[in-house]
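Asks:
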Amino acid sequence: MTAVLPQQRTLTYAEAVREALAQAMEADERVFLLGEDIGTYGGAFGVTGDLVHRFGERRVRDTPISELGIVGAAVGAALAGMRPVVEIQFSDFTAQAMDQIVNQAAKIHFMLGGAASVPMVLRAPGGSGTGAAAQHSQSLEAWFAHVPGLKVVMPSTAADAKGLLLAAIDDPNPVIVLEHKLLYKQSGPVPEEATRVRLGETAVRRSGGDVTIVATGVMVSRALEAAGQLAAEGIEASVLDPRTLRPLDAAPIVDSVTATGRALLVQEAPQTGGFMAEVAAAIVESSAFGHLRAPVARLCGLDVPIPYAPQLERAAVPQTGDIVRRARELVTTW
Amino acid sequence: MDLTKDADAARETLRTMWTIRRFEEAVDDLFARGLMHGTMHLSIGQEAVPAGACLALREGDYITSTHRGHGHCIARGARIDAMMAELLAKETGYCRGRGGSMHIADVATGNLGANGIVAGGVPIAAGAGLAVSLRGGDEVVVSFFGDGAVNEGAWHEGVNLAAIWDLPVVFVCENNHYGMSMSVGKAFKVDRLAERAAAYGIPGVTVDGNDPQAVHDAVSDAVHRARAGRGPSLVEAVTYRWKGHSKSDKNLYRTREEIEAWREQDPIVRFERAVAATLSDADVAACRDEARDAVREAIRVANAAPDARADSLADAVYAGSEA
Ligand SMILES: Cc1ncc(C[n+]2csc(CCOP(=O)(O)OP(=O)(O)O)c2C)c(N)n1
Ligand SMILES: [Mg+2]
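As given, the protein sequences belong to chains R and E, one line each in that order.
Be aware that the first sequence starts at 1, since it is given in my numbering, and climbs by one per residue.
Be aware that the second sequence starts at 335, since it is given in my numbering, and climbs by one per residue.
(1) Below 8 Å, can you find three or more Cβ-Cβ pairs linking the stretch 248-259 of chain R to the stretch 116-124 of chain R?
(2) Ignore the nearest five residues each way along the sequence and tell me which others in R:Glu-19's own chain have a CB closer than 8 Å to its CB.
(3) Would E:Leu-495 and R:Gly-69 be called neighbours here (beta carbons separated by less than 8 Å)?
(4) Check E:Asp-362 in the structure and name its three-state DSSP category.
(5) Determine, for R:Ala-58, whether the minimum Cβ-Cβ distance to residues of chain E falls below 8 Å.
(6) Cutting at 6 Å between CB atoms, please list the residues of its own chain near R:His-109, excluding the five before and the five after it.
(7) For a cutoff of 8 Å on Cβ pairs, would you count E:Leu-468 as touching chain R?
(8) Whole angstroms is fine: what's the gap from R:Arg-30's alpha carbon to R:Glu-329's?
(9) What residues of chain R sit near E:His-437, judged by a beta carbon separation below 7 Å?
(10) Taking its Cβ as the centre, do 16 or more other Cβ atoms sit within 10 Å of E:Ala-532, making it buried, or is it exposed?
(11) Got a sec: is the Cβ-Cβ distance from R:Gly-301 to anything in chain E below 8 Å?
(12) Give me the Cα-Cα distance between R:Leu-51 and R:Gly-42, rounded to the nearest whole angstrom.
(13) Going straight from the alpha carbon of R:Gly-46 to that of R:Ala-22, what length do you get?
(14) Counting only C-beta atoms, is R:Met-82 closer than 8 Å to chain E at any point?
(15) With E:Cys-407 as the anchor, note down where its alpha helix (DSSP H) starts and where it stops.
(16) Provide the residue span of the beta strand (DSSP E) that contains R:Pro-270, from first to last.
(17) So is E:Ile-408 in contact with chain R if we call contact Cβ pairs under 8 Å?
(18) Report the residues of the stretch 527-552 of chain E with a CB closer than 8 Å to any CB of chain R, ordered along the chain.
(19) I'd like to check one pair, R:Ala-215 with R:Ser-187: are the Cβ atoms closer than 8 Å?
(20) Does chain R have any CB closer than 8 Å to the CB of E:Ala-644?
(21) Have a look at E:Gly-368 and E:Asp-362 and give me their C-alpha separation to the nearest angstrom.
(22) Please indicate yes or no: does the CB of E:Tyr-512 lie closer than 7 Å to some heavy atom of ligand 2?
(23) Taking only the alpha-carbon atoms, compute the straight-line gap between E:Ala-639 and E:Leu-364 and give it to the nearest angstrom.
(24) Given that R:Pro-172 touches chain E, what residues does it touch there, using C-beta distances under 7 Å?
(25) Would you report the Cα separation of R:Val-220 and R:Gly-113, rounded to the nearest angstrom?
(26) Check the Cβ of E:Glu-393 against every Cβ in chain R and list those closer than 9 Å, keeping chain order.
(27) Mind checking if E:Leu-364 is an interface residue toward chain R, Cβ cutoff 8 Å exclusive?
(28) Specify the secondary structure class of R:Val-220 as computed by DSSP and reduced to three states.
(29) Taking only beta carbons into account, state which residues of the stretch 369-386 of chain E come closer than 7 Å to chain R, listed in chain order.
(30) Which residue spans inside the stretch 558-609 of chain E form an unbroken alpha helix (DSSP H) run of at least 4?
(31) Can you check whether the C-beta of E:Leu-464 is within less than 8 Å of a C-beta belonging to chain R?
(32) Between the alpha carbons of E:Gly-470 and E:Trp-499, how many angstroms are there, rounded?
(33) Looking at chain E, is there any beta carbon in it that lies within less than 8 Å of the beta carbon of R:Asp-99?
(34) Using DSSP bridges, identify the partner residues of E:Tyr-512.
(35) Run down chain E in chain order and give the residues with a C-beta less than 7 Å from the C-beta of R:Phe-32.
(36) With DSSP collapsed to three states, give me the class of E:Ser-467.
If you want it as structure tokens, here you go:
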């Protein structure tokens, strides 16, 4: 029997998100969108685009600048049987809404002994590289991944942007979807159908025997670029993309590190208390520990707010060259 | 509806207020004797607000509640044995011992939860109203909160969303004069908290919160308006908390005389007087006894129930993961 690949064509990451939203709204009356400037304006990053013309102002609902209120309204609507999808214009502004995210959405199912659930999605663009400086460029995934009751995903490709979002909308729990601003215009093959990418499945993006690079968000494409350059030098890298941070699918990471003996963990967020510390712990607490040929290495953003000047901004987060150097060092030193 | 002239309504109102009173007295006592764990916020003295307000609701309507939420839960029709079981850390409690007093709710009666966060329920109520509006339903959401909540950003955001979208929400402020120790006089520049409604272009009224009839009338008007698709309202019910804010309160911020003066305004005593022409003394006594017996039975049933179990905790965090 030959597997029939679902029909694919090339879409940008932003178009893939929009297609997921449209397909989810077509399939389920309960799905609706809430956010600042997501209607006629089409979203600060153009993600919702023309959806308001297709689904109307009731379901593609422009809100006042009121993040706490919007997320609270999504929590209430979810409790009352709807499937809200909130867009927070920049992930930095989730700080305004933290009570509703952390104290309400994440805990209601648990606190009420399972009698209610909060099936909502919060989408927000994160990351640096746009010159927007410290309050519009953060990578806050560790905040959310730390909270039991939330699920957290970081799509790194157009196909995953669609598939993970569809799965997030299906999920009976609050799911934080951290998109990346630099990826919105990146293109890739995306299935036409509403194909789900299951939450909690790490993707192996490239296989190589010398070093395992684990990366999230925009760092995945940089890691793949780095792996290409390393291959030219005779160093074979595996590149793994967890995609879902909570629940983390650690098994493929453990397997890969068991085979390569070396782990390089790459994140854009500042190092201290970051998500890759959790991945490092997952590796050293596992049977991969006995196979390590080198200390587990992290390559992270500097522990500084994201600066404005382009050369400073680049210096604050890992670049492809940094990944190449660090991986080479790991392989040649150990 | 005239709660003092209609015998059934009078009985129901009285029974609800007595049940709240007796339930909380029992809880206070269990706590004092070291038989109950944690902390709790008692609404003794404020019973007229949930009793009068919830009588304006029907099946399918929603409420959001607060840290001082036993009364809302009871007035909405929750089973007090399951409430008592929750407070006594039993598996049969409404939240299976995971929520306790501050998260108690019978979701089946439309109670979307008590809340440990001041004003946390206000935007949630707007969202439940949005769900109703999107579905084209005619249910109404009553959001209970204290005076303290009215100075939280969440309150303003939630009320504004409900106002601009004409959502079917009735915001009920239980102004009991204090947010913990902070008096309303110090925390507000306005005389009446209902004035805040004007800022959002919605009606706001202030009523005697120790009179279930006054609360009922104001909330009923607001509920009718909301059900008819004419948007939210704010009802401020002025009342008083007899007991300390929670278990650690030494009442240093108010005088014994002030508390005594308000105890003279006991909403239950006042209502019993108001129904004297409608209910016989025996009727009134029966309401009181029923409440007492129901609370005793609730304690008995709850005490006999199995303790909440830790072995299922890990599966309790995410919906869809329970065995
Ligand atoms: C956001 C938040 N801040 C502070 C507290 C601590 N706290 C709990 S109840 C309370 C007073 C609330 O006053 P009010 O809203 O008037 O309700 P009341 O206790 O009088 O019923 C405070 C300060 C809290 N739970 N949540
Ligand atoms: Mg108060």
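Quick reminder that beta carbons are idealized off the backbone N, C-alpha and C, glycines included.
Here the structure is a predicted model, which is why all the values come from computation and not from measurement.
Replies: Judging by the given coordinates:
(1) no
(2) Leu-11, Lys-162 and Val-190
(3) yes
(4) helix
(5) According to the sequence displayed, residue 58 of chain R carries Arg and not Ala. Yes, R:Arg-58 lies at the interface with chain E (some Cβ there is under 8 Å from its Cβ).
(6) Ser-117
(7) Cβ-Cβ to chain R under 8 Å: yes for E:Leu-468.
(8) 52 Å
(9) Correct list: Met-111 and Leu-112.
(10) Exposure of E:Ala-532 is indicated by the presence of fewer than 16 other C-beta atoms within 10 angstroms of its C-beta.
(11) no
(12) One C-alpha to the other measures close to 8 Å.
(13) 14 Å
(14) yes
(15) 404-409
(16) 263-270
(17) no
(18) none
(19) no
(20) no
(21) 10 Å
(22) Result yes, Cβ under 7 Å from ligand 2.
(23) 16 Å
(24) What R:Pro-172 touches in chain E: Ala-653 and Gly-654.
(25) If I take the Cα positions, the gap works out to 39 Å.
(26) Result: empty, since nearest Cβ-Cβ is about 14 Å, beyond 9 Å.
(27) no
(28) In the structure shown, R:Val-220 sits in a helix (DSSP, three-state: H, G or I).
(29) none
(30) 590-597 and 601-608
(31) yes
(32) 13 Å
(33) yes
(34) E:Ser-517
(35) Leu-468
(36) helix
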